[in-house]
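Numbering (full-length UniProt numbering), first residue to last: 1 to 288. Don't be surprised by glycine CBs; every beta carbon is placed ideally from N, CA and C. Shown next, in structure tokens, is the structure this report addresses.
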Ligand SMILES: Cc1ncc(C[n+]2csc(CCOP(=O)(O)OP(=O)(O)O)c2C)c(N)n1
Ligand code: SF4
């Protein structure tokens with residue numbers, strides 16, 4: 001059985017020292033080993049951003065895709081080969097700005113993949129502009145007077161869109177983060193895990209200390225019930241989405257692959273898709 005070290009490769013991440021993304025890389029490697037995967041069973045599909053580089057830093061199948069398009073690619077991979085465990089990953093800009101349409105529809109489609117958003121509340125790669133997750137009044141080069149737009153609450157949107165697994169964690173809490181990724185992988189359906197991952201270079205507001213002061217771990221909330229969608233929604237609204245832990249899970253709903261008609265047991269990736277010569281000749285005959 002593979003250990004987490006076997007999910008490492010020899011590529012040195014070029015993230016800034018202290019970037020929250022390092023812990024997410026480690027948590028994915030640990031969770032993959034803990035649920036018994038081998039590197040050849042895992043595909044990590046990412047978008048574009050500092051966070052998007054993660055697919056190159058894990059020893060598994062990987063694809064560093066297009067900005068905002070990690071989910072369409074990841075869903076395609078899973079539908080073509082359901083034998084693979086598929087993790088999609090990217091920044092809050094990637095998933096909640098340009099990619100938000102894909103995020104909402106992937107949530108309601110409920111294909112069995114795990115989506116890990118590395119939420120630093122800023123655009124890191126392009127050197128520090130506001131993202132939809134930036135706080136109101138947040139000053140950047142693109143908003144020198146402070147952002148006047150409302151901060152997006154993607155986890156509330158996820159719940160309203162029929163999500164079956166919603167969780168949130170913090171890069172500094174490797175134990176909780178690893179456990180949530182394990183649960184996300186094992187969940188049947190789409191799992192969304194938003195991870196507060198500080199950008200130490202451009203975000204001087206939402207720092208490690210700021211998160212430590214503002215996060216409420218759901219383990220400390222008496223009688224919290226993650227199977228209760230209304231409770232999950234009200235806790236998110238009450239706390240400005242600052243809760244961490246398993247926020248909501250619906251274990252009853254089947255994943256897309258298990259409900260859609262005509263989905264064959266044999267993954268598409270293993271089927272013989274070549275045309276017979278007679279089928280090819282018939283097709284050509286239609287055009288000549
Ligand atoms: C279609 C497209 N639009 C814009 C960009 C420029 N761009 C690259 S990364 C990025 C945002 C990065 O922020 P985020 O997704 O939050 O990731 P981070 O770098 O913070 O990890 C943008 C706007 C692009 N590469 N492609
Ligand atoms: S710019 Fe920010 S998000 Fe990008 S690697 Fe550096 S600390 Fe991480």
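(message) Quick test of the definition: if touching needs 3 or more C-beta pairs under 8 Å, does the segment 255 to 271 touch the segment 81 to 91?
(response) Cβ pair count under 8 Å is three or more, so yes.
(message) Between the alpha carbons of residue 134 and residue 124, how many angstroms are there, rounded?
(response) Taking the straight line from one Cα to the other gives about 12 Å.
(request) Would you kindly report the start and end of the unbroken alpha helix (DSSP H) that includes residue 237? (result) 229 to 239
(message) Taking a contact to mean a Cβ-Cβ separation below 8 Å, would you say residue 291 touches residue 88 in this structure?
(response) The shown model of the chain, from 1 to 288, leaves out residue 291, and the question about it has no answer.
(request) Would you list the residues sitting across from residue 217 in a DSSP beta bridge? (result) 244
(request) Using the beta-carbon of each residue, find all residues closer than 5 Å to any heavy atom of ligand 2 and list them in chain order. (result) 15, 16, 19, 50, 124, 199, 200 and 201
(message) With a threshold of 7 Å (Cβ to nearest heavy atom), would residue 130 be considered close to ligand 1?
(response) no
(message) Taking 8 Å as the threshold (beta carbon to beta carbon), is residue 217 in contact with chain E?
(response) Considering every chain present, this structure includes no chain E. It has just one protein chain.
(request) Buried or exposed for residue 185, please, with buried defined as at least 16 other CB atoms from any protein chain shown within 10 angstroms of its CB. (result) buried
(message) Since residue 45 and residue 86 should fall inside the 8 Å C-beta cutoff, what is the C-beta to C-beta distance between them, to a whole number of angstroms?
(response) So it is a contact: roughly 7 Å between Cβ atoms.
(message) For residue 24, tell me which candidate among 192, 13 and 118 has the shortest Cα-Cα distance.
(response) 118
(message) On a Cα-Cα basis, can you pick out the residue from 250, 211 and 244 that is closest to residue 230?
(response) 250
(message) Taking the alpha carbon of residue 169 as the reference point, which residue from 241, 34 and 35 has its own alpha carbon closest?
(response) 241
(request) With residue 165 as the anchor, note down where its beta strand (DSSP E) starts and where it stops. (result) 165 to 170
(request) For the beta strand (DSSP E) holding residue 62, just list the boundary residues, first then last. (result) That run of the beta strand (DSSP E) goes 61 to 64.
(message) Is residue 126 a contact residue of ligand 1, with contact defined as CB to any heavy atom under 7 Å?
(response) yes
(request) May I have the straight-line CA-CA distance separating residue 284 from residue 277, to the nearest angstrom? (result) The straight-line gap from Cα to Cα measures roughly 11 Å.
(request) Less than 8 Å between the CB atoms is what I'm expecting for residue 74 and residue 99, so what's the real figure, rounded? (result) In fact, because the Cβ distance is near 11 Å, the residues do not count as touching under 8 Å.
(message) For residue 13 and residue 111, what's the separation of their Cα atoms in angstroms?
(response) Cα atoms of residue 13 and residue 111: separation of roughly 30 Å, rounded to the nearest angstrom.
(message) With a threshold of 8 Å, are at least 3 pairs of Cβ atoms found where one atom belongs to the segment 220 to 235 and the other to the segment 155 to 166?
(response) The answer is yes - the segment 155 to 166 touches the segment 220 to 235, with three or more Cβ pairs under 8 Å.
(request) From the DSSP output, in three-state form, read off residue 195 for me. (result) In the structure shown, residue 195 sits in a strand (DSSP, three-state: E or B).
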